[in-house]
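Engineer: Those protein sequences? They're chains A and B, same order as listed. Position 112 of the first sequence, counting from 1, maps to 112 under our numbering, and the rest follow consecutively. Position 66 of the second sequence, counting from 1, maps to 66 under our numbering, and the rest follow consecutively. We put the beta carbon where it would ideally sit given N, CA and C, even for glycine. Model, not experiment: these values are computed from the prediction. Structure below; questions to follow.
There are 2 protein chains.
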Amino acid sequence: MNDILTNQPVIILVTPQLHENIGMSARAMLNCGLIHLRLVAPRDGWPSERAGAASSGALDLMPEPQLFATTADAIADLNFVYATSGRLRHMVKPIYTGIAARDDMKARVANGERVGILFGAERTGLLNDDLMLANAILNFPTNPDFSSLNLSQAVLLAGYEWLSASDTTPPRRYDTIQSPPANMEEMNFLMTRLESELEQHGFFTSPNLQPTVMRNIQNMFRRAEMTSQDVQTFQGIISALQGAKMKKVQGNQG
Amino acid sequence: MNDILTNQPVIILVTPQLHENIGMSARAMLNCGLIHLRLVAPRDGWPSERAGAASSGALDLMPEPQLFATTADAIADLNFVYATSGRLRHMVKPIYTGIAARDDMKARVANGERVGILFGAERTGLLNDDLMLANAILNFPTNPDFSSLNLSQAVLLAGYEWLSASDTTPPRRYDTIQSPPANMEEMNFLMTRLESELEQHGFFTSPNLQPTVMRNIQNMFRRAEMTSQDVQTFQGIISALQGAKMKKVQGNQG
Chain A
1 MNDILTNQPV IILVTPQLHE NIGMSARAML NCGLIHLRLV APRDGWPSER AGAASSGALD
61 LMPEPQLFAT TADAIADLNF VYATSGRLRH MVKPIYTGIA ARDDMKARVA NGERVGILFG
121 AERTGLLNDD LMLANAILNF PTNPDFSSLN LSQAVLLAGY EWLSASDTTP PRRYDTIQSP
181 PANMEEMNFL MTRLESELEQ HGFFTSPNLQ PTVMRNIQNM FRRAEMTSQD VQTFQGIISA
241 LQGAKMKKVQ GNQG
Chain B
1 MNDILTNQPV IILVTPQLHE NIGMSARAML NCGLIHLRLV APRDGWPSER AGAASSGALD
61 LMPEPQLFAT TADAIADLNF VYATSGRLRH MVKPIYTGIA ARDDMKARVA NGERVGILFG
121 AERTGLLNDD LMLANAILNF PTNPDFSSLN LSQAVLLAGY EWLSASDTTP PRRYDTIQSP
181 PANMEEMNFL MTRLESELEQ HGFFTSPNLQ PTVMRNIQNM FRRAEMTSQD VQTFQGIISA
241 LQGAKMKKVQ GNQG
C-alpha cells in the first residue's frame with residue numbers, strides 16, 4: 001500500500017456542480033485506495049458539509065482536497081494527464097479504454113511519472129480547452145445508447161482500474177478458515193462407502209448400469225469441491241439415513 | 001447487442017433502503033447495457049418517483065423492475081447466482097473477484113445458463129441466509145481499510161465487468177475522422193526539410209553533434225505520432241518562422 005500512497009493518480013474534478021457528487025467521488029476514491037483529490041472551481045464553493053456526508057467519512061480520512069482556479073493550475077505539477085470523456089470530440093489524441101489506461105498508469109507510475117485524471121462537470125463533461133491540455137482521453141466503454149455515467153461512477157471506474165493494476169487477490173479462492181478442501185483419499189473413501197451402502201440397499205436396480213450411475217454420482221460429488229468437514233458431514237448423513245431406513249424397516253417388522 | 005439483451009445477468013437488489021440508490025443502480029445498469037432489475041421487498045415500497053429521478057431516465061428505458069417478497073423467489077428461475085459481499089463470512093463458497101466473475105459469467109451465458117447477481121441492503125449487505133442460496137460470492141477487491149461500496153457503485157462494477165467481457169473496443173485508438181496518421185514518407189520529408197533549414201540557419205553550432213541532435217529531434221517528432229494534417233501544419237510553421245527571421249534580418253539591414 002505504501003507506494004500506492006506515495007505515487008498514485010491524482011483525481012481532478014473540474015467545476016463539479018453537486019457537493020453530493022464530490023462526496024461520493026471521494027468515497028469511491030478511498031474505496032480504491034486513492035487519496036489525492038483536487039477541485040477546480042467547484043460551483044457551490046468549498047468546504048461542504050453535504051460532500052462530507054455523501055463521502056461516508058472518506059473526506060475525513062483523506063488529505064484535504066486542494067482547490068485550484070483553473071485546470072492548467074491543477075495539473076501543473078503532473079507529467080501525464082488523462083481526460084475522461086464520454087463523447088468523442090474529433091481531437092487527435094489517443095483514446096484509452098479503462099483497461100488500457102490501467103496498464104498505462106501502472107507503467108508510468110512505475111517509471112516515476114506523476115499522473116492525473118480529469119473529470120468534467122456533471123452537465124457538460126470536460127470542455128475542449130480542458131481536453132486540449134491532457135495527453136490522452138480516457139473513455140470507459142459503455143452502452144452507446146445510454147453512455148453518460150454519473151460523475152462519482154466515472155471516478156469509481158478510474159479508481160477500480162487503478163486498483164486492479166496492482167491487486168493480487170487470486171481471481172477465485174475459498175475462505176477456508178473453517179475447513180480445508182478434502183483430498184482425494186477422503187473423497188474416494190466416501191464414494192466407496194456410498195456405493196457399497198447403495199448396493200446393500202438395492203439402489204442399483206440394473207447391475208449393467210451401475211458403473212454409469214456411479215460415474216454420474218462421482219461427477220456430482222466432485223463438482224461440489226467438498227471440504228474435509230463436508231465429507232465428514234456426508235458420512236454422517238449416510239449413517240443417519242441408514243438408521244432411518246433400518247428403524248423404518250424395524251418399524252415395518254414390528 | 002442482441003444476445004446481451006436476450007441473455008444477460010439479472011441484477012437483484014435485496015431489501016434496498018434508499019430509492020435514490022435504486023435509481024442510481026438502474027442508471028449504472030443501463031450504462032452497462034443491463035436491463036433486468038429485480039427488487040426484493042424494497043423498504044420504502046415501489047414504484048418511486050425519487051428512483052426515477054435518480055436514474056436519469058434509465059428506469060423509463062428499461063423493462064419495469066420485477067418485485068419479489070423473498071430472495072428465493074427472486075432467483076427461482078436462475079441457474080447460477082453470485083452474491084456480492086464485501087466482508088468474508090466464513091462460508092465455504094467460491095469467492096470470485098470482479099475479473100473472475102466476468103469470465104465466469106461470460107462462459108455461463110455462452111452455455112445458455114441464466115445468471116443473476118445479488119446485492120444486499122445499504123446498511124447490512126446480504127444476510128447469511130441470502131448468501132447461502134448463492135453459488136458463489138462476488139467480492140470486488142477494494143481498499144481493506146475502507147472497503148464499503150455504495151450500493152449503486154457495486155452494481156456499476158458488476159455491470160462494468162459484464163460489459164468488459166464482450167467489449168471489443170481497441171484498448172488504444174485515435175479518433176481519426178479529421179486526418180489519418182502521417183506515413184513515414186511524410187515524416188521523413190518533414191525531418192529532411194527541418195534539418196536542412198536548421199543547417200542553413202546555423203542551428204547546429206557543433207557539426208560533430210549534429211547527428212545526435214537530429215536523433216533527439218527525430219525521437220521527439222516520432223513520439224508525437226503526427227497526422228498528415230499535423231505534418232502540413234508543421235511545414236507551415238517552418239515556413240512562417242523562416243519568413244519571420246528573414247523579415248527580421250531585412251529589418252536589421254534596413
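Quick check on the burial criterion: 16 or more other C-beta atoms within 10 angstroms. Buried or exposed for A/THR15?
Structural biologist: Here residue 15 of chain A corresponds to residue number 15 of the first sequence, with the count starting at 1. Its Cβ being crowded by 16 or more others within 10 Å, A/THR15 is buried.
Engineer: At what residue ranges does the region 77 to 105 of chain B contain a whole run of the beta strand (DSSP E), taking only runs of 3 or more?
Structural biologist: Qualifying beta strand (DSSP E) stretches, in chain order: 80 to 84, 94 to 96.
Engineer: Under 9 Å between C-beta atoms, does A/ASP44 make it to chain B?
Structural biologist: As a position in the first sequence, residue 44 of chain A is number 44, starting the count at 1. By this cut-off, A/ASP44 is not an interface position.
Engineer: State yes or no: is the beta carbon of B/THR90 nearer than 9 Å to at least one beta carbon in chain A?
Structural biologist: Counting from one through the second sequence, the residue named residue 90 of chain B turns up at place 90. Rather than Thr, the amino acid found at residue 90 of chain B in this sequence is His. Yes, B/HIS90 counts as interfacial toward chain A.
Engineer: Does the contact criterion of 3 or more C-beta pairs under 8 Å hold for the region 199 to 212 of chain B versus the region 228 to 240 of chain B?
Structural biologist: No: the two stretches stay apart, fewer than three of their Cβ pairs being nearer than 8 Å.
Engineer: Need the endpoints of the beta strand (DSSP E) that B/PHE221 sits in, please.
Structural biologist: One-based indexing of the second sequence puts residue 221 of chain B at position 221. Counting along the chain, B/PHE221 falls outside any beta strand (DSSP E), though it belongs to the alpha helix (DSSP H) covering 210 to 223.
Engineer: Might you give, ordered along the chain, the residues of its own chain that have their beta carbon closer than 8 Å to the beta carbon of A/ARG38, omitting 5 neighbours on each side?
Structural biologist: In the first sequence, counting from the first residue as 1, residue 38 of chain A sits at position 38. The answer, listed in chain order, is VAL10, ILE11, ILE12, LEU13, PRO65, GLN66, LEU67, PHE68, ALA74, GLY116.
Engineer: If you drop the 5 nearest sequence neighbours on each side, which residues of the same chain put their C-beta closer than 7 Å to that of B/ALA121?
Structural biologist: Along the second sequence, one-based indexing puts residue 121 of chain B at 121. Closer than 7 Å at Cβ, skipping near neighbours: VAL14, THR15, PRO16, GLN17.
Engineer: With DSSP collapsed to three states, give me the class of A/ILE35.
Structural biologist: As a first step, residue 35 of chain A is located in the first sequence; it is residue number 35 there, counting from the start. Coil.
Engineer: Could you name the residues that DSSP lists as bridge partners for B/ARG173?
Structural biologist: The count along the second sequence starts at 1 and reaches residue 173 of chain B at position 173. Paired residues: A/ILE95.
Engineer: Would you mind working out which of B/ASP145, B/SER228, B/LEU59, B/ILE22 sits nearest B/PRO42, comparing C-alpha positions?
Structural biologist: Mapped onto the second sequence, residue 42 of chain B falls at position 42. Nearest of B/ASP145, B/SER228, B/LEU59, B/ILE22 to B/PRO42, Cα basis: B/ILE22.
Engineer: Taking Cβ positions, are B/LEU138 and B/TYR174 nearer each other than 9 Å?
Structural biologist: As a first step, residue 138 of chain B must be located in the second sequence, where it is residue number 138. As a first step, residue 174 of chain B must be located in the second sequence, where it is residue number 174. For B/LEU138 and B/TYR174, no; Cβs fall outside 9 Å.
Engineer: Of the residues A/THR6, A/LEU126, A/THR142, A/ASP145, which one's Cα is nearest the Cα of A/ALA136?
Structural biologist: The sequence position of residue 136 of chain A within the first sequence is 136, counting from 1. When only C-alpha atoms are compared, the closest one is A/LEU126.
Engineer: Give the single residue among A/SER196, A/MET105, A/ARG114 whose Cα lies nearest to the Cα of A/ALA165.
Structural biologist: The residue labelled residue 165 of chain A in the question sits at position 165 within the first sequence. Nearest C-alpha to A/ALA165: A/MET105.
Engineer: With a cut-off of 9 Å, does the C-beta of B/ARG173 fall near any C-beta of chain A?
Structural biologist: Sequence index remark: in the second sequence, residue 173 of chain B carries index 173 (1-based). Interface residue, yes.
Engineer: Below 8 Å between beta carbons is the criterion; list the residues of the region 117 to 136 of chain A that meet it against any residue of chain B, in chain order.
Structural biologist: Answer in chain order: no residues at all.
Engineer: Classify A/THR227 as helix, strand or coil using the three-state DSSP reduction.
Structural biologist: Locating residue 227 of chain A in the first sequence gives position 227, where the first residue counts as 1. Of the three classes helix, strand and coil, the one that applies to A/THR227 here is strand, per DSSP.
Engineer: Beta carbon of A/MET184, beta carbon of A/PHE221: below 9 Å?
Structural biologist: For the purposes of this step, residue 184 of chain A is identified with residue 184 of the first sequence, where counting begins at 1. For the purposes of this step, residue 221 of chain A is identified with residue 221 of the first sequence, where counting begins at 1. No, the Cβ-Cβ distance between A/MET184 and A/PHE221 is not below 9 Å.
Engineer: Sorted by chain position, which residues of the same chain lie with C-beta nearer than 7 Å to A/VAL213's C-beta, five sequence neighbours on each side aside?
Structural biologist: The residue you call residue 213 of chain A lines up with position 213 of the first sequence. These residues qualify, in order along the chain: PHE204.
Engineer: Based on the DSSP secondary-structure assignment, which residues constitute the bridge partners of A/LEU138?
Structural biologist: Here residue 138 of chain A refers to the residue found at position 138 when the first sequence is read from its first residue. Answer is A/THR84, A/TYR96.
Engineer: May I have the straight-line CA-CA distance separating B/ASN7 from B/GLY86, to the nearest angstrom?
Structural biologist: By one-based count along the second sequence, residue 7 of chain B stands at place 7. By one-based count along the second sequence, residue 86 of chain B stands at place 86. Their backbone Cα atoms lie some 27 Å apart in a straight line.
Engineer: Suppose contacts are defined by Cβ-Cβ distances below 9 Å. Is B/ARG114 in contact with B/LEU163 by that definition?
Structural biologist: Reading the second sequence from its first residue, position 114 is the one you call residue 114 of chain B. Reading the second sequence from its first residue, position 163 is the one you call residue 163 of chain B. No, the Cβ-Cβ distance between B/ARG114 and B/LEU163 is not below 9 Å.
Engineer: Let me check one thing: in DSSP terms, what residues is A/VAL40 bridge-paired to?
Structural biologist: Counting from one through the first sequence, the residue named residue 40 of chain A turns up at place 40. DSSP output for A/VAL40 lists A/VAL14, A/PHE68 as bridge partner(s).
Engineer: Output needed for A/ALA101: all residues of its chain with C-beta closer than 7 Å, excluding positions within five of it in sequence on either side, in chain order.
Structural biologist: Position 101 of the first sequence, counted from the first residue, corresponds to residue 101 of chain A. Excluding positions up to five away in sequence, the list reads TYR82, LEU138, GLU161.
Engineer: Going by alpha carbons, who is nearest to B/GLY261 out of A/LEU149, A/SER56, A/GLU225, A/ARG172?
Structural biologist: As shown, chain B starts at 1 and ends at 254. That puts residue 261 of chain B outside it, with no answer to give.
Engineer: If you drop the 5 nearest sequence neighbours on each side, which residues of the same chain put their C-beta closer than 7 Å to that of B/ALA28?
Structural biologist: Locating residue 28 of chain B in the second sequence gives position 28, where the first residue counts as 1. SER152, VAL155, LEU156, GLY159.
Engineer: Just the Cα atoms here: how many angstroms apart are B/PHE140 and B/ASN31?
Structural biologist: Here the question's residue 140 of chain B lines up with position 140 in the second sequence. Here the question's residue 31 of chain B lines up with position 31 in the second sequence. One C-alpha to the other measures close to 19 Å.
Engineer: Please report whether the beta-carbon of A/TYR96 lies at a distance below 9 Å from any beta-carbon of chain B.
Structural biologist: On the first sequence, residue 96 of chain A is found 96 positions in, with the first residue counted as 1. Answer yes: the Cβ-Cβ gap between A/TYR96 and chain B drops below 9 Å somewhere.
Engineer: Where in the region 107 to 154 of chain B do unbroken runs of the alpha helix (DSSP H), each at least 4 residues long, occur, reported from the N-terminal end onward?
Structural biologist: Qualifying alpha helix (DSSP H) stretches, in chain order: 128 to 133.
Engineer: For A/GLY98, count neighbouring Cβ atoms within 10 angstroms of its own Cβ and tell me buried if that reaches 16, exposed if not.
Structural biologist: Walking along the first sequence from the start, residue 98 of chain A turns up at place 98. Buried, because 16 or more other Cβ atoms sit within 10 Å of the Cβ of A/GLY98.
Engineer: In this structure, does DSSP put B/PRO180 in helix, strand or coil?
Structural biologist: For this step, residue 180 of chain B is matched to residue 180 along the second sequence. B/PRO180 falls in the coil class under three-state DSSP.
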